[in-house]
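Numbering (the working numbering), first residue to last: 3 to 227.
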């Protein structure tokens with residue numbers, strides 16, 4: 003059996019792991035939440051929708067997802083990453099984070115207009131007062147997964163920023179840690195059954211399994227709190 007998803011990229015690894023354990027196939031779209039919402043608005047079919055809590059709650063109010071199926075997966079920190087071969091920098095506060103970013107050969111992060119982590123990290127660069135100084139180092143990609151995959155194959159000593167789940171799921175990349183206090187962001191991701199689901203029962207069962215108390219340990223291992 004296949005289930006179709008329109009989902010934030012932050013939940014992609016968890017969805018695939020849960021589907022594999024349930025013997026289900028996965029199809030559909032995973033990526034920046036802004037882009038995924040655009041796909042839904044354009045009519046892309048889905049059985050399960052996973053976006054930020056605010057987005058899913060709005061979809062429930064509009065009757066586009068089944069309100070009684072809305073359930074949180076957990077929160078995900080926006081975090082810093084290095085290649086697995088590079089030493090982790092100090093990012094414990096404002097000054098160390100600024101120094102680490104200025105020292106990086108390149109800075110990888112997702113779409114600063116439509117991705118949760120990308121929007122936030124662009125504001126972090128502004129807050130640190132270095133947006134213009136690092137402008138030529140910035141490497142943007144449509145979503146966090148692609149950003150981290152590209153960084154894994156980069157030369158020099160790059161740094162990356164995206165959701166912790168996408169860092170953990172990418173081979174060749176290591177999680178340094180969440181952005182320090184004052185620059186941090188925790189995002190709650192929420193699942194629901196699409197009101198147009200082809201198989202509402204299978205979709206309900208999957209959301210229940212994905213968000214169950216029994217699955218908390220696996221969610222934590224993949225970067226959810």
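Don't be surprised by glycine CBs; every beta carbon is placed ideally from N, CA and C.
Small disclaimer: the values here were computed from a predicted structure and weren't measured.
Going by DSSP, which residues form a beta bridge with residue i?
i: residue 164; result: 81
i: residue 29; result: 6
i: residue 75; result: For residue 75, which the question treats as bridged, DSSP gives no partner whatsoever.
i: residue 67; result: 196
i: residue 189; result: 78
i: residue 121; result: Bridge partners of residue 121: none, in fact.
i: residue 111; result: 142
Starting from residue i and walking both ways along the beta strand (DSSP E), at which residues does that stretch end?
i: residue 4; result: 4–10
i: residue 177; result: 175–180
i: residue 52; result: 50–54
Given that a residue counts as buried once 16 or more other Cβ atoms are within 10 Å of its Cβ, and exposed if not, what is residue i?
i: residue 157; result: exposed
i: residue 80; result: buried
i: residue 215; result: exposed
i: residue 196; result: buried
i: residue 200; result: exposed
i: residue 11; result: buried
i: residue 94; result: exposed
i: residue 138; result: exposed
i: residue 6; result: buried
Check this for me: beta carbons of residue i and residue j, under 8 Å apart or not?
i: residue 192; j: residue 168; result: no
i: residue 34; j: residue 145; result: yes
i: residue 39; j: residue 53; result: yes
i: residue 13; j: residue 30; result: no
i: residue 227; j: residue 20; result: no
i: residue 74; j: residue 190; result: yes
i: residue 180; j: residue 194; result: no
What residue does the alpha helix (DSSP H) around residue i start on, and which one ends it?
i: residue 145; result: Element bounds for residue 145: n/a, residue is neither H nor E.
i: residue 90; result: No alpha helix (DSSP H) holds residue 90; DSSP gives it neither H nor E.
Handout entry: Segment contact, 8 Å Cβ cut-off, at least three pairs: the segment 172–183 with the segment 81–90
Key = Counting C-beta pairs closer than 8 Å gives three or more between the segment 172–183 and the segment 81–90, which meets the contact rule.
Practice task
Say whether the segment 203–220 touches the segment 100–114, bearing in mind that this needs 3 or more beta-carbon pairs closer than 8 Å, one atom from each stretch.
Solution key: No: the two stretches stay apart, fewer than three of their Cβ pairs being nearer than 8 Å.
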